[in-house]
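Residue numbers (my numbering), protein chains in the order written: chain A, 1 to 356; chain B, 1 to 356.
There are 2 protein chains.
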Amino acid sequence: MKIHNFSAGPSILPQSVFDKAAKGVLNLDGSGLSILEISHRSKDFVEIHEKAKRLVKELLHVPDTHQILFLSGGASSQFFMTPLNCLPQNGKASYVDTGSWSSKAIKEARRYGEIDILASSKEAGYNYIPKGYTVPQDAVYLHLTSNNTIYGTQYHQFPDCTNPLVCDMSSDIFSRPVDVSRFGIIYAGAQKNMGPAGVTLVIVREDMLGKVERDIPSMLDYRIHIKGDSMYNTPPVFPIYVSMLTLEWLGEQGGVAAIEERNKEKAAILYKEIDRNPLFTGVAVDEDRSLMNVTFLVKDESMQAPFLEMCKNAGCDGVKGHRSVGGFRASIYNAMPKEGIETLVEVMQQFEKQKG
Amino acid sequence: MKIHNFSAGPSILPQSVFDKAAKGVLNLDGSGLSILEISHRSKDFVEIHEKAKRLVKELLHVPDTHQILFLSGGASSQFFMTPLNCLPQNGKASYVDTGSWSSKAIKEARRYGEIDILASSKEAGYNYIPKGYTVPQDAVYLHLTSNNTIYGTQYHQFPDCTNPLVCDMSSDIFSRPVDVSRFGIIYAGAQKNMGPAGVTLVIVREDMLGKVERDIPSMLDYRIHIKGDSMYNTPPVFPIYVSMLTLEWLGEQGGVAAIEERNKEKAAILYKEIDRNPLFTGVAVDEDRSLMNVTFLVKDESMQAPFLEMCKNAGCDGVKGHRSVGGFRASIYNAMPKEGIETLVEVMQQFEKQKG
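Below is the structure:
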């Protein structure tokens, strides 16, 4: 049975990437060596790393003002590394609280300066993206979480302000075009649209750096990683390799504008069924619905377990919602084919026939 | 042609591990999913993670006083994380300087307390392991680098003191038995004897923690990773998986005591040839010679390039020495078969016949 992987992350990647990655583990491009045993300073890996950077730059049209880094540690490390590197002790940064990850980013940032929470949708269970706030002129940056995996909300427009944006794009990077020039820092754990767990992409505008006076450990200093071209220490070789393969696949699909169209189409199929099917209801407010994580509830809670069982029997894996929201979550990242979503919709319709 | 991988790191792993890892990338244990796409909270990965921890505990006889963590970031992150977590602001720690990695550890530690350099072999190009120093009673710990990849030196006995040892074992962990109870912290980047680049093993005695007053970012706090069982954030899933496979292989080889015997035998073959062959000379002093990284020079420097060429033609890859030492370095980690070393010795003998 074909398994459709709806996991929120780590999550589905293209089958062709798995095929190429498996070959690379056995014999990288006919070198006679495994990607797992080659030096990060070897010609083969240096080329892979360069290609990965080039693909990021091309796919997102990263301007020359910005540097591209592949770091380890996950987006969680960026929660403190961004203020550590960019927020002066007597400076102020603005944050918008759109869920669990935003809250963690806020918590970690507090030790480095004044943190202004401009808006929060916490009281509504984070089911919407706050809008209409004013960003103070003197905020060094405005921090956002572009997509909220747990609640299924997403910014479809970034707030209008002159402050540089710092954005956790872990769960929707490479799913659509973004104007990188508006961002001081974009960071993203790889394990949704970019690659496997174990590497984090950081795109940083260089003039965000060098403005704090603290003594930063080498491994936490963006400038040291820029100087070392992400090779200050041994980078996570294999996660970078698989990210390169995934970005290559994305290029073959036509890039981020093309994938956005497919993502919109895919999400529309599922949201349409949620809205049509009398047994289900969506979690997020309509205008902020995520194209990546579709969250929905069954109106009669006793039907939760039977629906999950039916999903499982149809090969739909990872559909259970996060414990803080309950219900269901279908993560439909770039690599999820339309067929996966159609299968899930069929299950919902079958379920309606049985229980409705 | 069979390639013999003598790289210092990332470095050779067992062929059976590559075979299993490639299968896991395509279909993990018949689950229908790739190891690259499964959730770190999935039953499959939780089992892998538990097994990896259990293997570390069994292979090194880790006592119950110590916790086992798989973190991201490399050993370089531990250079500052160990003092950050363990060294009080007004406390003192002792360090021994045995090379480039020790020096970096010292540099990163200085910001957290008083750092006492008890001994250094820098003036001799780090070709020996200093001995005979006294560790101050009030040093919170004594920091060592157990094996020095660049210079080819290794502690064959750890210094006699009552202070807990903090040790960077990146390049010789799992190559021999160690008495873990003597260590407050052992840390090791995976990419030599344990697995691919992208994960770092930290073994920490719990009573080393909770004695500093600083405000530690969550991702840098060992206690948070202990509480979260290395799953506070998404761990580097694939590097942990391959580490588990490598440790499983090590168990099948008879464990660390058995592999130590083989490592001694392998190193002896190569050192014997270096000492016998009139064209070559060893770098490290005899008593401190590493069983992992064998460093040697050609007496006539003009013969360097021709020897490297001959190595390459025989499939001996990665033999070039580090730029700071020059000459040659054969890294012969656990997974290097005796045949690899025999091939290199044959090349040395052929070279002697041609040039001697």
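For each residue, glycine too, the CB sits at the ideal point set by N, CA and C.
Considering only DSSP beta bridges, list what residue i is partnered with.
i                            : result
arginine 205 of chain A      : A/His66
asparagine 293 of chain B    : B/Ser331
glycine 282 of chain B       : B/Phe296
alanine 21 of chain A        : Note: alanine 21 of chain A sits in no beta bridge, so no partner.
histidine 49 of chain B      : Looking at the DSSP assignment, histidine 49 of chain B forms no beta bridge with any residue, so it has no partner.
aspartate 97 of chain A      : A/Ser120
cysteine 316 of chain B      : B/His4
aspartate 215 of chain B     : According to DSSP, which records beta bridges pairwise, aspartate 215 of chain B is partnered with nothing at all.
phenylalanine 183 of chain B : B/Leu165
isoleucine 115 of chain B    : B/Ala93
glutamine 402 of chain B     : The question about residue 402 of chain B has no answer, for chain B in this structure spans 1 to 356.
glycine 254 of chain A       : Paired residues: none, contrary to the question.
histidine 143 of chain B     : B/Tyr95, B/Val166
What does a CB cutoff of less than 7 Å around residue i pick up in its chain, not counting 5 residues either side in sequence?
i                        : result
alanine 335 of chain A   : Ile12, Leu13, Pro14
serine 120 of chain A    : Asp97, Pro130
glutamate 260 of chain A : Ser175, Arg176, Pro177
valine 347 of chain A    : Met310, Cys311, Ala314, Cys316
valine 345 of chain B    : Ile269, Leu270, Glu273
glycine 24 of chain B    : Ile35, Tyr241
isoleucine 3 of chain B  : Gly315, Asp317
leucine 291 of chain A   : Gln154, Ser175, Asn263, Lys264, Ala267
glycine 243 of chain B   : Position check: residue 243 of chain B holds serine in this sequence, whereas glycine was assumed. For serine 243 of chain B, where only same-chain residues beyond five positions count, the Cβ hits under 7 Å are Ala52, Ala190, Met194, Gly195, Val199.
Kindly indicate which residue of the options has the alpha-carbon position closest to the one of residue i.
i                           : options                                : result
glycine 198 of chain A      : A/Gly73, A/His66, A/Glu301, A/Gln89    : A/Gly73
phenylalanine 80 of chain B : A/Gly113, A/Leu220, A/Ile224, A/Glu352 : A/Leu220
lysine 43 of chain A        : A/Arg54, A/Leu247, A/Leu28, A/Leu55    : A/Leu28
methionine 144 of chain A   : A/Asp172, A/Leu69, A/Pro337, A/Asp275  : It should be pointed out that residue 144 of chain A corresponds to leucine in this sequence rather than to methionine. It is A/Asp172.
alanine 21 of chain A       : A/Trp249, A/Asp275, A/Leu142           : A/Trp249
phenylalanine 18 of chain B : A/Ser31, A/Glu37, A/Met1               : A/Glu37
arginine 110 of chain A     : A/Ala124, A/Pro88, A/Tyr128            : A/Pro88
asparagine 85 of chain B    : B/Glu287, B/Gly210, B/Ile186           : B/Gly210
valine 237 of chain B       : B/Asn5, B/Gly32, B/Ser7, B/Glu47       : B/Glu47
aspartate 64 of chain A     : A/Pro239, A/Phe183, A/Ala188, A/Ile341 : A/Phe183
glycine 255 of chain B      : B/Arg41, B/Ser31, B/His49, B/Lys57     : B/Lys57
Consider the Cβ of residue i: report whether some Cβ of chain B lies at a distance smaller than 7 Å.
i                           : result
glutamate 301 of chain A    : no
serine 331 of chain A       : no
glutamate 243 of chain A    : Reading off the sequence, residue 243 of chain A comes out as serine, not glutamate. Output row for serine 243 of chain A: interface = no.
phenylalanine 18 of chain A : yes
proline 337 of chain A      : no
proline 88 of chain A       : no
glutamine 191 of chain A    : yes
methionine 194 of chain A   : no
glutamate 108 of chain A    : yes
aspartate 215 of chain A    : yes
arginine 223 of chain A     : no
alanine 284 of chain A      : no
Using a Cβ-Cβ distance cut-off of 7 Å, determine whether residue i contacts chain A.
i                         : result
glycine 326 of chain B    : no
proline 14 of chain B     : no
proline 306 of chain B    : no
asparagine 85 of chain B  : no
asparagine 263 of chain B : no
leucine 69 of chain B     : no
serine 39 of chain B      : yes
With burial defined as no fewer than 16 other Cβ atoms inside 10 Å of the residue's Cβ, what is the status of residue i: buried or exposed?
i                         : result
proline 278 of chain A    : exposed
glutamine 137 of chain A  : exposed
arginine 205 of chain A   : buried
methionine 302 of chain A : Note on identity: in this sequence residue 302 of chain A is serine, with methionine being the wrong assignment. Classification of serine 302 of chain A: exposed, given that the 10 Å Cβ count is below 16.
aspartate 179 of chain B  : exposed
arginine 54 of chain B    : exposed
threonine 295 of chain B  : buried
alanine 257 of chain B    : exposed
arginine 276 of chain B   : exposed
methionine 1 of chain A   : exposed
Any heavy atom of the ligand NAD inside 6 Å of the beta-carbon of residue i?
i                       : result
arginine 323 of chain B : No copy of the ligand NAD occurs in the structure displayed, which carries no ligand at all.
Sorted by chain position, which residues of the same chain lie with C-beta nearer than 6 Å to residue i's C-beta, five sequence neighbours on each side aside?
i                        : result
glycine 9 of chain A     : Gln191, Lys192
histidine 322 of chain A : Ile150
tyrosine 133 of chain A  : Leu118, Ala119
glutamine 253 of chain B : Ile259
arginine 214 of chain B  : none
leucine 60 of chain B    : Val180
Looking only at its own chain, which residues have a Cβ that is under 8 Å from the Cβ of residue i, when we skip the five neighbours before and after it?
i                      : result
serine 113 of chain A  : In the sequence as displayed, the identity of residue 113 of chain A is glycine instead of serine. So the list reads Pro83, Leu87, Pro88, Gln89, Asn90, Gly91, Lys92, Ala93, Val140, once near-sequence residues are dropped.
glycine 327 of chain A : Val283, Thr295, Phe296, Leu297, Val298, Gln304, Gly321
serine 39 of chain A   : Phe45
For this session: Using a Cβ-Cβ cut-off of less than 8 Å, give me the residues of the region 144-168 of chain A that come near chain D, in sequence order.
Result: Absent from the structure: chain D. Protein chains present are A and B.
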